[in-house]
RNA sequence: UAACCGAGCCGAACGGCCGCGCGGUAUCACGCCGAAAGGUAUUACCGUGAGGAAAGUCCGGGCUUCACAGGGCAGGAUAACUGAUAACGUCAGCCGGAGGCGACUCCCGGGAAAGUGCAACAGAGAUAUACCGCCUGUCCGCAAGGGCAGGUAAGGGUGGAAAGGCGAGGUAAGAGCUCACCCGCCCCCACGGUAACGUGGGGGCGCUGUAAACCCUAUCCGAAGCAACACCGUAUGCGGAUCGUUUGCCCGACACAUAUCCGCGGGUGGCAUGACGCUUGCGCGUCGGAGCCGUGUGGCGACACACGGCACAGAUAGAUGGUCGUUUAAGACAGAACCCGGCUUACAGACUCGGUUACAGA
RNA sequence: GGCCCGUUGGUCAAGCGGUUCAAGACGCUAGCCUCUCACGCUGGAAACAUGGGUUCGAUUCCCGUACGGGUCA
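Numbering (the working numbering), first residue to last: 30 to 163.
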C-alpha cells in the first residue's frame, strides 16, 4: 500500500505538539488535520484524498536492522488496519515506535493500532459499528 | 577413540496467502504537477533485489576539483631481509627472539657505542659513589679501643638497574690488575646464503634502563573529499508561523487573496559494467575496466600469465517484509548509500580438508 | 555518508610518567556556634569509561572497544 511520507521535520513537531495522541506499548500515534490535504489531492492523479504518514524510530531502540524491522512491522500493521477497517483521510499521522516493538509480531501492532485509531475516532467502515455497540 | 592445531566454506531451505524497490513489455495518456529544467500515476506479466563482516572509519588506492618549474625547512607515517601488489602500516617467504611434548602460535623487531633529558621512594652511592666493613701509615692510650691521612668495590644492606660470571694467580687488603674457560658487544677474514643472517677462526672491548621521552638514520607523503564535482534551468520563486472560510460517513466543491515576521534555494547526472557503432525494438559487434566465475601453466607462497564463460542491488525518510505450515528447535552478529584492496571488532550453528599428541588394536 | 574532538567524586572541573597525588568549588554528611534555623568554623565520605601493550612504575604514552559530542549540503 502506497502512502505519502512525511519528511519535513516541522510537520513532525506540529504533530507532536498539536495532534491528538495515543500511546501504547508498541507504538505511539499522533494525528493532526492536514491543512495541505486539498492541495495534495489536486496533485494526485486520481484526485483522491490521502493521509500523510510518518514513521519515527529512535536510535535508542537498536541498530539499523532493529529499526528497519520496527518500521516494517508498523507498516504491515497499518496496511492491515487500513485494508480491513478503513481510515479517515486528510490527516497527518505520525507513528512512533516504542521500546515494546522489539521482537513482536505484526498482529500485535495491528491490534494496538486498531484500538488506538478507534480511540482517536479515525476509523470508518465495519469497525465503527462495533465501536458503537461496544 | 579422545584432546588439540591450522586452512577453507556456508551462514537457513521449501511451500501457501498478503505486500515493497529497480529494470523491461503492454495498458493508462497528447493526462497531471512545475516558471523551466524535469518529475509522475493505475493494472497485469516477466526479470531482478544486502553482508561475511555491508559495521568501526584504522590504513592504502581508484575517481573528482583545486594547487603545482626546481630545491630546502617544518609536519606526519613506517622500521630486520627478500619478494607480492595499483598501493599499503597489508600479504607471502625467510632471519632473529619468545612460548608449547608437538602440530603450531606470538613479537611497534633500526639506533642508547652521536648528543640532550628523565630514573620518584629506598639506598653510602644512579654514572658516579667510601655508610658499614677490610687494609696500610701515623697520633693518643697500660690495654680494650679511638682520632687523622690514604688505599680498596671481594662481602653487607637498598633498588627495576650497583659496572660481566667463575676459578687460579696476585696483594698490606683488594680489584680484568694478570691468565684460562664461559657470556656479551664491535671489527676483520674464510665458507654457506640474493639478503637479513648462520658456522668457524683472529683481534679489540666489558658499555645501566628509557627513543609507544626529545632525537638520529633510511624510505614514503600536495590538499580536500560524492555533502567532491559536472551539466541543464533560473521566476514579481519556495516553505513555515499568525489571523481564517468551506465540506464533513464517504465522494465531491470553494476560498487559498492581502498583510507582518522568520527561514530556504530547483533539477538531472555522478550511480550500478562504461563508451562507441548498427538496429523501430529485442539484440549484435568493437574497445575499455585492479569486475566476477572456472580451467590450465609458472612459483614453496603471496601472486602472475593464458584461455573460456558471465553481467550481478542501486534506494533518497531510504526497498528483501508480514503471516501460516514443514524441516528434531530456525535461534548468532547484523542492513549497501561513489567504488575497490586490507586491517580491526561482533558472531548461534553447520560442513570440508590437512596435521599433531596420547591411548587402544592390527 | 565524510571529517574532527572528548570521557577524572552526585555536578562543574585542574592536573602531571613517580614521593607530597589523585587539587579546587558546589552539593552530601558529622560536630561546633545559636533559644532555633540560616550564615560561618572544623572534620569526613565519595572518582581517573573499558581491555591490552610500552616502562622498574601509566590517570598521563601507544593500540583496540564502548559511550558522548561537534562540524560539513
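For glycine and all other residues, C-beta sits at the position ideal for the given N, C-alpha and C. Quick caveat, the model's predicted, so the values are computed rather than measured.
Tell me the residue span of the beta strand (DSSP E) that contains residue i.
i	result
residue 56	56-62
Give the range of the alpha helix (DSSP H) segment to which residue i is assigned.
i	result
residue 138	135-148
For the candidate residues the options, whose alpha-carbon lies nearest to that of residue i?
i	options	result
residue 128	108, 136, 57, 146	57
residue 106	117, 130, 90	130
residue 52	124, 133, 62	124
residue 148	135, 50, 45	50
residue 114	134, 152, 55	152
residue 62	54, 80, 55	80
residue 133	48, 82, 99	99
residue 48	59, 54, 41	59
residue 6	45, 86, 87, 101	Since the first residue of the chain shown is 30 and the last is 163, residue 6 is not available in this structure.
residue 96	126, 117, 118	126
residue 111	88, 146, 45, 86	146
residue 118	45, 55, 82	82
residue 55	44, 121, 90, 41	90
residue 85	138, 41, 150	41
Is it buried or exposed for residue i, if we count other Cβ within 10 angstroms and need 16 for buried?
i	result
residue 93	exposed
residue 87	exposed
Original post:
Taking the runs of the alpha helix (DSSP H) that are 4 residues or longer, which of them lie wholly in the segment 78-130?
Top reply: 93-113
**OP:** Check whether the segment 140-147 touches the segment 106-118, taking contact to mean three or more Cβ pairs, one atom from each stretch, closer than 8 Å.
**Re:** yes
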